[in-house]
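S.K.:
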Amino acid sequence: MSLETPLHKVQGLGSAHSGVTHFWRERVTAAALVPLSAWFVVSVVRLVGASEAEVAGYFQRPWNALLMGLFVILTCVHMTLGLQVVIDDYVHGTGQRIVLILLNRAFAWIIGGISLIALLRLAVG
Amino acid sequence: MADNPQPPRPRPLSPHLTIYKWPITMATSITHRATGVALSAGMAFLAWWLVALASGPEMYQPFLTAAGSLLGQLVLFGFAWSLVYHFLNGIRHLAWDMGYGFAVPTANKSGVLVIALSVMIAIGIFVMAYAMLRHGVPVQ
Chain A
118 MSLETPLHKV
128 QGLGSAHSGV
138 THFWRERVTA
148 AALVPLSAWF
158 VVSVVRLVGA
168 SEAEVAGYFQ
178 RPWNALLMGL
188 FVILTCVHMT
198 LGLQVVIDDY
208 VHGTGQRIVL
218 ILLNRAFAWI
228 IGGISLIALL
238 RLAVG
Chain B
144 MADNPQPPRP
154 RPLSPHLTIY
164 KWPITMATSI
174 THRATGVALS
184 AGMAFLAWWL
194 VALASGPEMY
204 QPFLTAAGSL
214 LGQLVLFGFA
224 WSLVYHFLNG
234 IRHLAWDMGY
244 GFAVPTANKS
254 GVLVIALSVM
264 IAIGIFVMAY
274 AMLRHGVPVQ
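Residue numbers (the working numbering), protein chains in the order written: chain A, 118 to 242; chain B, 144 to 283.
1. Is the CB of Ile234(B) under 8 Å away from at least one CB in chain A?
2. Please list, in chain order, the residues of the segment 152-170 of chain A that have any C-beta partner in chain B closer than 7 Å.
3. Identify every run of the alpha helix (DSSP H) within the segment 180-234 of chain B, keeping only runs that are complete inside it and at least 4 residues long; order them along the chain.
4. Report the neighbours of Ile268(B) on chain A: residues whose CB is nearer than 9 Å to its CB, in chain order.
5. Of all Cβ atoms in chain B, is any one closer than 8 Å to the Cβ of Val203(A)?
6. Answer yes or no: does any C-beta atom of chain B fall closer than 8 Å to that of Thr192(A)?
7. Could you name the residues of chain B that Ile218(A) contacts, counting a contact when the two beta carbons are closer than 7 Å?
8. With a threshold of 8 Å between beta-carbons, can Arg214(A) be considered close to chain B, or not?
9. For a test of the three-state rule: what should DSSP assign to Ser195(A), helix, strand or coil?
10. Please list, in chain order, the chain A residues whose beta carbon lies closer than 8 Å to that of Leu196(B).
11. Of all the CB atoms in chain A, is at least one closer than 8 Å to the CB of Arg215(B)?
12. Looking at the C-beta of Arg154(B), does it have a partner C-beta in chain A at a distance below 8 Å?
13. Just tell me which of Ile215(A), Ile231(A), Thr192(A) has its CA closest to the CA of Gly179(B).
14. Return helix, strand or coil for Arg142(A), following the three-state DSSP convention.
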């Protein structure tokens, strides 16, 4: 016998109220990051030894700016989801957990925001 | 009432992590997590790179100096290997998520493959990077 209400059962969101959202987002960003991180590594290797102007020029090109922006955004989402699993697994105190999860979110927003603003400045600069 | 109260006998414990011989799948699993955490720190380094780049040559030079130092090179190699490992093992995880490669012998083999390939590709990346440094070509 289940104590779940029929509505709760059919919504399929479970006790965390978000269902498989976390799991699914982690996989979707992972799949998208396969080509993006390959592009990122190739780009970085090609830019080794290049002058500041050449590197800036590389990221001013629209396709490169777009790919780099996507790489930063998707990596930040994937990173924050992954780090949250680590926190969920190893940190047991509720207070500590909440603080760490908020810091984790803040880290992703700050790093992502800084990187995107820098990219934008490069693109319009 | 007992005259000689005995201290409670310690309860039996199931064997903990430290007692097992690590299967390859256990090592690849925890390494996936560790490289993921390391790469998160790497994102701060990436942000520094982009900010330095957007702030002009006088801000870019300190970044290049740090990245080119011995410590910087070691850290960058760590990031490179972590990224390649997380990339390859991540593909292994995605295959598992779709139901492929779960048999124990297959998972063991793919684990060895991921470790070997990650080291080779990471070294390959650095060999190419140093080659670029020596005969730099204009980038388009």
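From the three backbone atoms N, C-alpha and C, an ideal C-beta is built for every residue, glycine too.
A quick note: this is a predicted structure, and the numbers were derived from the prediction, not measured.
M.R.: According to the data block:
1. Along the second sequence, one-based indexing puts residue 234(B) at 91. Chain A contact via Cβ: present.
2. Ser154, Val158, Val162, Arg163, Leu164, Val165, Gly166, Ala167, Glu169
3. 200-211
4. Here residue 268(B) refers to the residue found at position 125 of the second sequence. Under the 9 Å cutoff, chain A gives Val158, Val161, Val162.
5. Your numbering for residue 203(A) matches position 86 in the first sequence. Closer than 8 Å to some Cβ of chain B, the Cβ of Val203(A) qualifies, so yes.
6. The residue given as residue 192(A) occupies position 75 in the first sequence. Closer than 8 Å: yes.
7. Position 101 of the first sequence, counted from the start, is the residue given in the question as residue 218(A). Those do not exist, as Ile218(A) stays about 14 Å from chain B at its closest Cβ, beyond 7 Å.
8. As a working note, residue 214(A) is residue 97 in the first sequence. So no, Arg214(A) is outside the interface.
9. Position 78 of the first sequence holds residue 195(A). Ser is not the amino acid found at residue 195(A); the sequence shown has His there. Of the three classes helix, strand and coil, the one that applies to His195(A) here is helix, per DSSP.
10. Position 53 of the second sequence, counted from the start, is the residue given in the question as residue 196(B). Within 8 Å Cβ-Cβ: Glu169, Val172, Ala173, Phe176, Ala235, Leu239.
11. As a first step, residue 215(B) must be located in the second sequence, where it is residue number 72. According to the sequence as given, residue 215(B) is Gly; it is not Arg. No, Gly215(B) lies away from the interface with chain A (no Cβ there is under 8 Å from its Cβ).
12. Walking along the second sequence from the start, residue 154(B) turns up at place 11. No - not a single Cβ of chain A is within 8 Å of the one on Arg154(B).
13. The sequence position of residue 179(B) within the second sequence is 36, counting from 1. Comparing Cα positions, the closest option is Thr192(A).
14. The residue labelled residue 142(A) in the question sits at position 25 within the first sequence. In the structure shown, Arg142(A) sits in a helix (DSSP, three-state: H, G or I).
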